[in-house]
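Some notes on the structure that comes next.
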Amino acid sequence: MPKLETWFAFHMREFVLRHRRSFSADNAQQRVSAMGRASKRFGMFVTAILALLCSVQASAVGYYTSLSYDVGPDELIGYSETFSTGNDSWEFCAEWVTQVEMYGQVWQLPYPICGLWEAHFATYGVDGELSGPSGAYWNSVRNQYGGASVHMPIVAPESGIWTASGSHWQGDDVVYCSVSYGYEEGMVFPTGEYCYYAYGYNYLMAASQAATTVVKCTVANNVAVFDSAAVPKLLQWPASEPFERSVTMACLPDESTFTFQFIGESSSFGGYAPSNDPCKSNWVGLGTYGNAAAALHTHPKFTDPGQLVQGSGCRGLQTPPTTFDMIHINSQNADFSDLDYQVINCKPWAMYVRTPNGDKARRLRSYGGSCAFTNIQVHP
Amino acid sequence: MSVVRLTILTGVLASCFLALPAATQAGTDELSCLVGDESCYQQKYVVACTDTRTASIRRCEDWIRLLDERAGRGERAARRSQAAAYSWIGLFTDAGPDERAESRNKALAILKELVGSDASDSEAVLGLATLTDDISERVELLRQVVRLRPNSPAADSLIEHLKRTGLDRDLIEAAQIAERAHAVASGNLKWRLAADAVQLYEEAGETDQSKAFQQRVRFEVGVDVALANLSGFHGPEFGTALESATKLCNPYIAPAVGVEYCLDGLRILVPRLRGLEDRSRVQPIADSVADLIGSTAGLPLETLVAADPQWRGELLKLLSVLTSRELESARTWGILGMVETIPERKLHALERATKFAPEDFPLLWSLGAEYSLQGRLDDSLRTYRRARQFAPDETSRRMLDHNIESIVESRRSSRGGASAGTGETVR
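As given, the protein sequences belong to chains A and B, one line each in that order.
The letter at position 240 of the first sequence is residue 266 when you use my numbering, and the numbering goes up by one with no holes.
The letter at position 31 of the second sequence is residue 769 when you use my numbering, and the numbering goes up by one with no holes.
Structure below.
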């Protein structure tokens, strides 16, 4: 059995909920069961006394808005909440009754009871708005018991300053209840109550705001930041190596800016996972680190045809090439290869290559839309 | 008058003496190659023009001059070598822009002349295709080279060009080029071209053709024999079994025949490595199989997914056997750390690997990176600093220095208190 006051509040809340669903609620549903009748009589009495003592009270309210960007799933989450920090319901007696008129007679009640009382139920609401470079998003709730909150998640938001704002509402549902009476064994006594929804209102209580800068660790909108981290590293690698070298650039979790880590250095004949192919290195970590951001590698300049058949050969080449074969391969190495395109296609990563002469770094990235190679662009 | 003559004579003699040592150093003092000996010309060309230890622009120009006489007599090999030398100066040296442009033009002139007099000179046509700026002309020239020499590197260039247009008819042409090149190539190149053809037919929507071709390639490779070898082996005869698995998982062969055969081979082989007593013999096999798994994980993603959408889970299952107490090693744990994607497990695998090989530079680097990505910056710094002690070269050391600096910087900025804004009030 719940405590008396909460027992009462519980029934009132149930009533209001039913009332909202349908104004023609069944009277029987509003009756108190015979088993609980005695308790109710006493409960109504105590409650009425308490209500009188407490008079009218207001609920305590908290509110806040938060905004955060999670690099991993690339999700911006705005959240706004209005919440209760105190009692959510109260009631008071509007009319005390000591006698009842029934069957043409006035009956004296055995004890004074509250014949008409008013119940108040605090409600909460919030309007949330999230706005930034990709547009504005809005969500709203009202008339919630206990508190109200709105989530505003945005997947893949654009970089820039985002602002979340919350308008916090508080409301009151007011219910009137009167007692019904019965006659039994020469006595009149209360048998139940009849309640009805009287009115409700909402008022804007406060506003809150939060802002964050989305600094996404993808090359989109951060080209300059990526270039400044990748290009010096690429140009640092020795230009004379007749084989490929690569490393993956990953983002360090940091909400305000980027810091990059270079991971999984691999070269054709060394490092973490040597490929044994002078024209290929393995992308260690590119697919296995959630925050991999870019792939850096060199395209070698071969200065002797024999270098092309080292290990398992340049893309399988096992007989020494002709003079113009070598010139042609070096010339092709100034650009991204077919394999580079395959790695980057449809992916959020950027790819950088250092050209064979060791003097230039180029960037490759995949743009939105389909995964066709025509959506990949090379930047000098 | 006599003073003038003496001056001229002195000048001529001086220039002869000055030029001689340079020519001798380059090995081009005399043209010792037989007429038409391409191989000999290539060696001399490399020494004079391309080898970073011996070559210079001046020596390359000397080489061109040395060939002048033979070229003047119409020897095609000499003319080609001259064109190659001019091409190198024009494309890959630090000569000034004017000199490079001039060299390139000279190379183009020679190559055009060679192709004009003999359109079947594939080397000259390839040279012309390399130097021309006109894309459509280049594509036509590459087609010409491929017709003359199907497995030339020109085939790859042409395939790449056709692929990037995204048109079905170009993809089919590219697939046919790859198939023809496969027919005449040998070794790894043969299988790589086969894989290219399969993929290109698929991309063009020619699935039946792709399947028929792939079936022929499987027969050529001997996939059934390799699988039978694996299924039939029992006991300690790992040599043949490993050989068969290596063949099926070869990075050139597996995409050509289908990665599923590699996965099947590994599924047969790995469980049989357990429960064997002679660890000293089994461990190197386990390490080699782990390497195979590592290289399999690096195969093109579409081939892996086509073989088994759960390929990573399958490889991780196999690696869990190889990292069991009886087979664990730095290699098996290290490969697990490379293939795993769940951060905690990845970290655990790398930590275990470095326990076995505390001075392994790539492992320490990867462990340091994983710590930093998981926000354990102190551990990361400690590990990077340790890795730095074992860096194989200055380049790797500098990369690590960057990582260390960026962590230090990140900690400094986070102490500065950058955070997302919140507002909280209780009325």
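Glycine included, every Cβ here is placed at the ideal spot set by N, Cα and C.
All values reported here derive from a predicted model rather than from experimental measurement.
Using a Cβ distance threshold of 8 Å, residue 1042 of chain B and residue 997 of chain B count as a contacting pair. With its beta carbon at least 8 Å from every one in chain A, residue 801 of chain B lies outside the interface.
Looking at the DSSP output, residue 155 of chain A sits in a beta bridge with A/164, A/191. Nearest in C-alpha terms to residue 775 of chain B, of all of A/371, A/349, A/369, A/380, is A/349. At least one C-beta of chain A is nearer than 8 Å to the C-beta of residue 1136 of chain B. Fewer than three Cβ pairs drawn from the region 266-276 of chain A and the region 1033-1042 of chain B lie within less than 8 Å of each other, which leaves the two stretches out of contact.
The Cβ-Cβ distance between residue 789 of chain B and residue 330 of chain A falls below 8 Å. Closer than 8 Å to the CB of residue 830 of chain B there is at least one CB belonging to chain A. The Cβ of residue 784 of chain B sits closer than 8 Å to at least one Cβ of chain A. Proximity of the region 239-249 of chain A to the region 92-103 of chain A meets the contact definition, three or more beta-carbon pairs being nearer than 8 Å. Within chain B, the residues placing a beta-carbon under 8 Å from that of residue 356 of chain A are 829, 830, ordered along the chain.
For the set A/144, A/215, A/285, A/154, the Cα lying nearest the Cα of residue 115 of chain A is the one of A/144. The region 255-262 of chain A makes contact with the region 312-327 of chain A, as at least three CB pairs between them are under 8 Å.
Considering only beta carbons, no part of the region 146-163 of chain A lies closer than 7 Å to chain B. Collapsing the DSSP output to three states places residue 175 of chain A in a strand. Shown here for residue 1059 of chain B: same chain residues with a beta carbon closer than 6 Å to its own, the five before and five after excluded, namely 1008 in chain order. If one requires a minimum length of 4 residues, the alpha helix (DSSP H) runs lying completely within the region 876-961 of chain B are 891-903, 906-922, 925-941, 945-959, in chain order. Neighbourhood of residue 1147 of chain B in chain A, by CB distance below 8 Å: 285, in chain order.
Scanning its chain for C-beta atoms nearer than 8 Å, with the 5 sequence neighbours on each side dropped, one finds around residue 1003 of chain B the residues 964, 965, 968, 982, 983, 986, 987, in chain order. Looking at the backbone, the Cα of residue 866 of chain B and that of residue 1111 of chain B are separated by about 49 Å. Within chain A, 266, 329 have C-beta atoms less than 7 Å from the C-beta of residue 790 of chain B, given in sequence order. Classified as exposed, residue 213 of chain A has fewer than 16 neighbouring CB atoms from the shown chains inside 10 Å of its CB. Residues of the region 334-347 of chain A with a Cβ closer than 8 Å to any Cβ of chain B, in chain order: 338, 339, 341, 342, 343, 344, 345, 347. With 16 or more neighbouring CB atoms inside 10 Å of its own CB, residue 876 of chain B falls in the buried class. Contact annotation for residue 825 of chain B against chain A: 353 [CB-CB distance below 7 Å, chain order]. Beta-bridge partners of residue 229 of chain A (DSSP): A/196. Within the region 1077-1109 of chain B, contact with chain A at the beta-carbon level (separation under 9 Å) is assigned to 1077, 1078, 1079, 1081, 1084, 1099, 1100, 1101, 1103, 1104, 1106, 1107, 1108. Residues 913, 947, 948 of the same chain have their beta carbon placed closer than 6 Å to that of residue 939 of chain B, with the five preceding and five following residues left out of the count.
In this structure, the straight-line span from the alpha carbon of residue 223 of chain A to that of residue 199 of chain A is close to 8 Å. In terms of Cβ geometry, residue 205 of chain A and residue 139 of chain A form a close pair [threshold 8 Å]. In this structure, the CA atom of residue 828 of chain B is about 9 Å from the CA atom of residue 836 of chain B. In this structure residue 976 of chain B is in contact with residue 1023 of chain B, their Cβ atoms being roughly 5 Å apart against a cut-off of 8 Å. Of A/235, A/184, A/381, the smallest CA-CA separation from residue 270 of chain A is found for A/381. 990: these are the residues of the region 990-1014 of chain B whose beta carbon lies less than 7 Å from some beta carbon of chain A, given in chain order.
About 7 Å separates the CB atoms of residue 256 of chain A and residue 387 of chain A; that is less than 8 Å, so the two are in contact. Listed along the chain, the chain A residues whose CB falls inside 8 Å of the CB of residue 929 of chain B are 342.
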